[in-house]
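So the sequence lines, in the order shown, correspond to chains A and B.
When the letters of the first sequence are read in order and numbered with the numbering used here, they come out as residues 1 to 232.
When the letters of the second sequence are read in order and numbered with the numbering used here, they come out as residues 1001 to 1232.
Cβ atoms here follow ideal geometry from the backbone N, Cα and C, with glycine treated the same way.
Protein chains: 2
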Amino acid sequence: MASEAVPLDRRHRRRLQTIQEVLDHAIEIMADEGVAGLSLGEIARRMGIRPPSLYVYFPSKHALYDALFQRGWVLLLEDMRRYGREQPPDDGDLAAVLTRFGQRFARWSVEHPAYAQLLFWRPVPGFQPSDEAYQPAVRLYDDTFAQFRTLQERGLIRPDADLTLVQQQWTIVIAGVVSQQLANAPEEPFDRGRFTTQIPALALMFADHYADRRDTRATTFTRGRRRNASKG
Amino acid sequence: MASEAVPLDRRHRRRLQTIQEVLDHAIEIMADEGVAGLSLGEIARRMGIRPPSLYVYFPSKHALYDALFQRGWVLLLEDMRRYGREQPPDDGDLAAVLTRFGQRFARWSVEHPAYAQLLFWRPVPGFQPSDEAYQPAVRLYDDTFAQFRTLQERGLIRPDADLTLVQQQWTIVIAGVVSQQLANAPEEPFDRGRFTTQIPALALMFADHYADRRDTRATTFTRGRRRNASKG
DNA sequence: GTCTATATGACGATAGAC
DNA sequence: GTCTATCGTCATATAGAC
């Protein structure tokens, strides 16, 4: 308790710095060898110390995974929030908005495959993330839900649509894109991925279902345009 | 060569039987401990032999994973073909067909989580399935494509739709459902899974996009029904 | 307080006796 | 075909140097 009351203590800062260094090496190894391929010995080797020294900073390998899990969600949350601030709040229709945010999420995931495996799959046998590590994931969920609510208030989503279901279904789609891309063609860049490039088409499908269109002729018009889009 | 020419040899049969026993124990362990939690020592322990004896049947742990990968796809392929034979070939509209086959695929995956992790994710660091092990997966892909072609020929899918894209996008959606269900709520049964129960709604979205509807009033009618479906 | 040295038991894998 | 013995590596734990 008393030690936590002095966050700017020199030793404390140095300790936090070392912890970050451990996490950096861990992520680099996971990117090379896969999440399950992470070994404390390899971290120590790259840092020039002995494996037991790592136990000064993390009580177990699971605790290390927990810190990585939390940092991954924090990084993804920050990336999505940065993107949200950059975006004009009312640019384009529902399909355009879904596409942009879905692409941003999927891009980060595909470009950080080690984090993505840890965050979206369960590759470590006994590992269950702690409540604290889960918190940034919950915050991202809440952020996303608030954005869906805004879309509905602005009239881009049908007023009778259940936002919980809309968010869940769009999450399923993006999770599918990331999963398939990482499992089947992890070396493809995001912009040319055979799965990631399907996001706009999938967003169109979504918008067709949930967009607020009271004019039947407008529906027919959009329907005609979609025929071309599905050919791309 | 000569030994392979006598497939009914007693020793050969006994050997194949032992191999199946090894795979059975391996899957059971993976279901308990996760794919990465599989250990040769545990297999040997359950079989009442010593770990090195397993090397008579599999030259490495990766070879064991390869056999499991192949057997998983064979089981899933057989399940889907069995289902295809049971189904009347022209029962219902596109949404109904997509729902039924998607549910069958997702149900098998959720009810065989150990296989599913191995088939759909890449949880084992250096493991790459061999071409031979991949073959049943290709056969299932071809089966599915042929069914989509039949649907298009029967007029259930727009004639101008690119079937490759339709199949790929539906695969993404089902992969997303399975991924999310297994990663976030693996203990929920298929029929009450918070993700698996979204398949009908997702299929409706798909059908809305790709179904062949030349009558605008029919479109409007379906559109009206959908509002209720999205509330479930 | 921080790290090293050392030890334990599990793992995948190999060699060779029977 | 199964065994014992062994190797190198792993996560983990403890004792103690500085």
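Close beta carbons around residue i, own chain, < 6 Å, minus the five adjacent residues each side
i, result
"residue 83 of chain A", "104"
"residue 1159 of chain B", "none"
"residue 51 of chain A", "40, 41, 44"
"residue 1056 of chain B", "none"
"residue 1076 of chain B", "1108"
"residue 188 of chain A", "none"
"residue 1027 of chain B", "1114"
"residue 225 of chain A", "Note that residue 225 of chain A scores 42 on pLDDT, short of 50, meaning its location in the model is unreliable; the coordinates nonetheless yield the value given after this. Within the same chain, residue 225 of chain A has no close Cβ partners at all."
Own chain residues within Cβ distance below 7 Å of residue i, not counting five before or after
i, result
"residue 1069 of chain B", "1118, 1119, 1129, 1133"
"residue 151 of chain A", "94, 97, 157"
"residue 1177 of chain B", "1106, 1195, 1196, 1198, 1199"
"residue 1042 of chain B", "1029"
"residue 1074 of chain B", "1136"
"residue 1099 of chain B", "1199, 1200, 1203"
"residue 23 of chain A", "67, 68, 71"
"residue 163 of chain A", "145, 148, 149, 152"
"residue 1175 of chain B", "1120"
"residue 1061 of chain B", "1040"
Span separating the alpha-carbon of residue i from that of residue j
i, j, result
"residue 141 of chain A", "residue 1192 of chain B", "22 Å"
"residue 125 of chain A", "residue 212 of chain A", "45 Å"
"residue 139 of chain A", "residue 1157 of chain B", "40 Å"
"residue 1216 of chain B", "residue 1161 of chain B", "Reliability of the predicted coordinates at residue 1216 of chain B is poor, the pLDDT of 39 falling under 50, and no value is obtained from them."
"residue 1202 of chain B", "residue 165 of chain A", "11 Å"
"residue 108 of chain A", "residue 1085 of chain B", "42 Å"
"residue 66 of chain A", "residue 1154 of chain B", "52 Å"
"residue 1072 of chain B", "residue 46 of chain A", "38 Å"
"residue 1025 of chain B", "residue 36 of chain A", "21 Å"
"residue 1010 of chain B", "residue 1018 of chain B", "12 Å"
"residue 33 of chain A", "residue 1122 of chain B", "11 Å"
"residue 173 of chain A", "residue 53 of chain A", "43 Å"
"residue 15 of chain A", "residue 116 of chain A", "27 Å"
"residue 87 of chain A", "residue 1101 of chain B", "39 Å"
"residue 287 of chain A", "residue 1131 of chain B", "Chain A is shown from 1 up to 232; residue 287 of chain A falls before or after that span and cannot be answered."
"residue 993 of chain B", "residue 1012 of chain B", "A question about residue 993 of chain B goes unanswered here, because the residues of chain B that appear run from 1001 up to 1232."
"residue 38 of chain A", "residue 143 of chain A", "32 Å"
"residue 1080 of chain B", "residue 49 of chain A", "53 Å"
Residues sharing a beta bridge with residue i, DSSP
i, result
"residue 1157 of chain B", "B:1211"
Whole-angstrom C-beta distance between residue j and residue i, which should lie under 8 Å
i, j, result
"residue 1180 of chain B", "residue 1145 of chain B", "25 Å between Cβ atoms; not a contact."
"residue 1206 of chain B", "residue 1170 of chain B", "6 Å"
"residue 1031 of chain B", "residue 1114 of chain B", "4 Å"
"residue 1078 of chain B", "residue 1190 of chain B", "That belief does not hold up - the Cβ atoms of residue 1078 of chain B and residue 1190 of chain B are roughly 18 Å apart, past 8 Å."
"residue 1208 of chain B", "residue 208 of chain A", "6 Å"
Nonlocal neighbours in the same chain, by C-beta distance under 8 Å from residue i, ignoring five residues either side
i, result
"residue 1020 of chain B", "none"
"residue 1059 of chain B", "none"
"residue 210 of chain A", "94, 157, 158, 161, 166"
Enclosing alpha helix (DSSP H) for residue i [first to last residue]
i, result
"residue 1186 of chain B", "Counting along the chain, residue 1186 of chain B falls outside any alpha helix (DSSP H), and DSSP gives it neither H nor E."
"residue 101 of chain A", "94–111"
"residue 74 of chain A", "61–86"
"residue 1020 of chain B", "1010–1033"
"residue 48 of chain A", "Neither: residue 48 of chain A is in no alpha helix (DSSP H) and is coded neither H nor E."
heavy atom of the ligand NAP below 7 Å from residue i C-beta
i, result
"residue 82 of chain A", "Annotation note on the ligand NAP: not contained in the displayed structure, which lists no ligands."
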